[in-house]
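Trainee: Taking my numbering, the leading residue of the sequence shown gets 130, the next gets one more, and so forth. Here's a structure for you.
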Amino acid sequence: MSGSDNPYNGSFGNQMSATASYGAVPQPATGGGYIKDTTTANFTKDVLEDSRNQPVLVDFWAPWCGPCKQLTPVLEKVVNEGQGRVKLVKMNIDDHPSIAGQLGIQSIPAVIAFVNGRPADGFMGAVPESQVRQFIDRLAGPADADQTAEIEAYLAQAGELLAAGNINEAGQLYGAVMQADPENAKALAGMAECLIAADQHGEARQMLSELPEELGKDAGIQAILKKLDQIEEARKLGDPVALERELASNPDHHEARLKLAKILNVEGRREEAAEHLLTIMRKDRAFDDDGARRQLLQFFEVWGFKDPATVSARRKLSSILFS
């Protein structure tokens, strides 16, 4: 529709452009959806206030506008697929003309994007779907970048839950990531950790053994497989109470101390496990061809470089090696 045919005269001016950055996990619109109709009275809340959380597109339309009927379904489709990257608010200018008049809307359909409470970008006419996607990408960033940020947020949250012992909740988040990215090594390793924590060691090994060859070589996946090996070995090493009694009567029984260290490790008592191996090293570096040091390094591979137990034990190891 041309400006002369539009009952809402004025000059919208050149298209505006701006970019905005929001949190990694999109928040749905009020009421659980991403699309709503608004009124003059609700415009401040639905558009200005909500645009401080994520970009809000305002679709100015009217029932008599043919191109509006072409554009609106395209807008709704792309916005819904974006899962909250932006919101869409529709305003019937026949029923609510004042906002369009204040903005100088000259023709419809007209879409104006609001960011942080202010107009940031806009276009007019029934543009194709590809241009709508490009428009939203300019505002909210590319969809793949948004998904990557969301996945990283989920993984971080899952890791915190797992560390706190919330196995089921952590598993749900790791599962959600695996649905979005089936070959995400961190999510696969995390899910295996959840299975191990639930004493489902066979299931964890089976899941990891079925991975594609290249994915199975990931350092995180390999660390979990080594952890499973350590658990299986520790189960064959005897009663830790009996080993502790043996050490109480014979502190230089290095084989018993090595076995106890392996058992303590799989029980999560990392600092104690490391200390037993360091004790062997202080007393007899030749035992088992420096086996205590080699075992400690295997622990480090599973614990991770930044784990507090790794950092502490590595510092003590250095003082033994270079004293």
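Even glycine gets a Cβ: it sits at the ideal position worked out from N, Cα and C. On a predicted model such as this, the values are computed, not experimentally measured, just so you know.
Taking only three categories from DSSP, how would you classify Ala-71?
Mentor: The displayed coordinates of the chain run from 130 to 452. Any statement about residue 71 would go beyond what the structure contains.
Trainee: Going by Cα to Cα distance, which pick from Asp-266, Leu-344 and Arg-399 is closest to Val-101?
Mentor: The structure shown does not extend to residue 101, since the chain is modelled only from 130 through 452, so no value can be given for it.
Trainee: According to DSSP, which residues form a beta bridge with Met-220?
Mentor: Answer is Phe-189, bridged to Met-220.
Trainee: Determine, using beta carbons only, whether Lys-391 and Leu-366 come nearer to each other than 9 Å.
Mentor: Going by C-beta atoms, Lys-391 is nearer than 9 Å to Leu-366.
Trainee: Give me the Cα-Cα distance between Val-176 and Ala-442, rounded to the nearest whole angstrom.
Mentor: In a straight line, the C-alpha of Val-176 is about 55 Å away from that of Ala-442.
Trainee: Here's the rule I'm using: 16 or more other beta-carbon atoms within 10 Å means buried, otherwise exposed. How should Gly-433 be labelled?
Mentor: Exposed is the call here.
Trainee: Using CA coordinates, which residue listed in Leu-317, Glu-396, Ala-327 and Leu-389 is at the minimum distance from Pro-341?
Mentor: Ranking the options by Cα distance to Pro-341, first place goes to Leu-317.
Trainee: What residue from Val-306, Leu-290, Pro-369 and Ser-378 has the CA that sits closest to Val-395's CA?
Mentor: It is Pro-369 whose Cα lies nearest to the Cα of Val-395.
Trainee: Exposed or buried, Ala-327, counting other C-beta atoms within 10 Å across all chains shown (16 or more means buried)?
Mentor: Classification for Ala-327: exposed.
Trainee: Identify whether Val-154 lies in helix, strand or coil by the three-state DSSP scheme.
Mentor: Bear in mind that a pLDDT of 31 at Val-154, under 50, signals an unreliable position, so the model cannot answer this.
Trainee: Helix, strand or coil: which one does DSSP assign to Ala-239?
Mentor: Strand at Ala-239.
Trainee: Could you tell me the boundaries of the alpha helix (DSSP H) in which Asn-409 lies?
Mentor: Sequence inspection shows Ile at residue 409; the Asn mentioned does not correspond to that position. Per DSSP, Ile-409 belongs to the alpha helix (DSSP H) from 399–412.
Trainee: Could you tell me the distance, in whole angstroms, from the CA atom of Leu-387 to the CA atom of Asp-436?
Mentor: Whole-angstrom Cα-Cα distance: 21 Å.
Trainee: At what residues does the beta strand (DSSP E) containing Lys-165 begin and finish?
Mentor: Start and end: 164–166.
Trainee: Just the C-alpha distance for Trp-190 and Ala-309, rounded to the nearest angstrom, thanks.
Mentor: So the two alpha carbons sit approximately 35 Å from each other.
Trainee: Within its chain, find whatever has a CB closer than 7 Å to the CB of Pro-257; leave out the 5 residues flanking it on each side and keep chain order.
Mentor: Correct list: empty, nothing qualifies.
Trainee: Taking the CB atoms as reference points, tell me whether Leu-393 and Glu-384 lie closer together than 9 Å.
Mentor: Their beta carbons are not under 9 Å apart, which means Leu-393 does not touch Glu-384 by this criterion.
Trainee: Of all the alpha helix (DSSP H) runs that stay within the bounds of the segment 303–344, which reach a length of 4 or more residues?
Mentor: As far as the segment 303–344 is concerned, its whole alpha helix (DSSP H) runs of at least 4 residues are 314–326 and 330–338.
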